[in-house]
Structures are given as structure tokens and as C-alpha cells.
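Beneath this line is the structure, given in C-alpha cells, with notes to follow.
So this is what it looks like as C-alpha cells:
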């Protein structure tokens, strides 16, 4: 059975569900009941709890935006580094 993971876009879209689920458990509901209502496994819930405990909806969305921006910048840096390396090789071959 293929592993189902939530994409960053899905997590941003369901930020209020994540925060609500965490607050329900803090309020005394059982993890199993909350997971059943939300439609996720307990493992996913605990992963969310580890990563997003104490975070509000707006903060969660901002965190996801920053992570996405960081990913894009890392990709850009890698591309530029590769371009630089190729240009340096071309220069050394000409000399």
C-alpha cells in the first residue's frame, strides 16, 4: 500500500484543521477520537503535534510560506553554483 503524505500545500490549506485537532486533544479529547474525526492516522497526528504544537493558524501558514521560500532559494543557489562551475570549466579549457 503506498504511503500517503500531506503536501505542503495541503498542510497550508488545512492549517485550521491541524490547529483545531491539537487544541481538542489539549482540551481533553482522546487522540483516537480526534484522529477519527479529522481522518488521519495517529502517527500523522503525533507528527503534527511535534512540528506544530503551540502554533496558531496564521503562524502555521507563515511557517509553510517560509519553508517553501527557503526550498526555492536553495534550488536557485544550487543552479547558480552549477552554472558557475560550468563557466569555470569552459574558461580553463580555453586557456
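Numbering (the numbering used here), first residue to last: 260 to 354.
Backbone N, C-alpha and C fix where the C-beta goes; we use that ideal spot for every residue, glycine too.
Could you tell me the alpha carbon to alpha carbon distance between residue 339 and residue 347, rounded to whole angstroms?
The sequence position of residue 339 within the chain shown is 80, counting from 1. The sequence position of residue 347 within the chain shown is 88, counting from 1. Spanning the two alpha carbons is a distance of roughly 12 angstroms.
Would you give the residue range spanned by the alpha helix (DSSP H) that residue 289 belongs to?
By 1-based counting over the chain shown, the position of residue 289 is 30. Element bounds for residue 289: n/a, residue is neither H nor E.
Helix, strand or coil for residue 278, going by three-state DSSP, please let me know.
Working through the chain shown from its first residue, we reach residue 278 at position 19. Note: residue 278 maps to helix in three-state DSSP.
Work out the CA separation of residue 274 and residue 349 for me, nearest whole Å.
For the purposes of this step, residue 349 is taken as residue 90 along the chain shown, with counting starting at 1. For the purposes of this step, residue 274 is taken as residue 15 along the chain shown, with counting starting at 1. Going by the C-alpha atoms only, they are around 48 angstroms apart.
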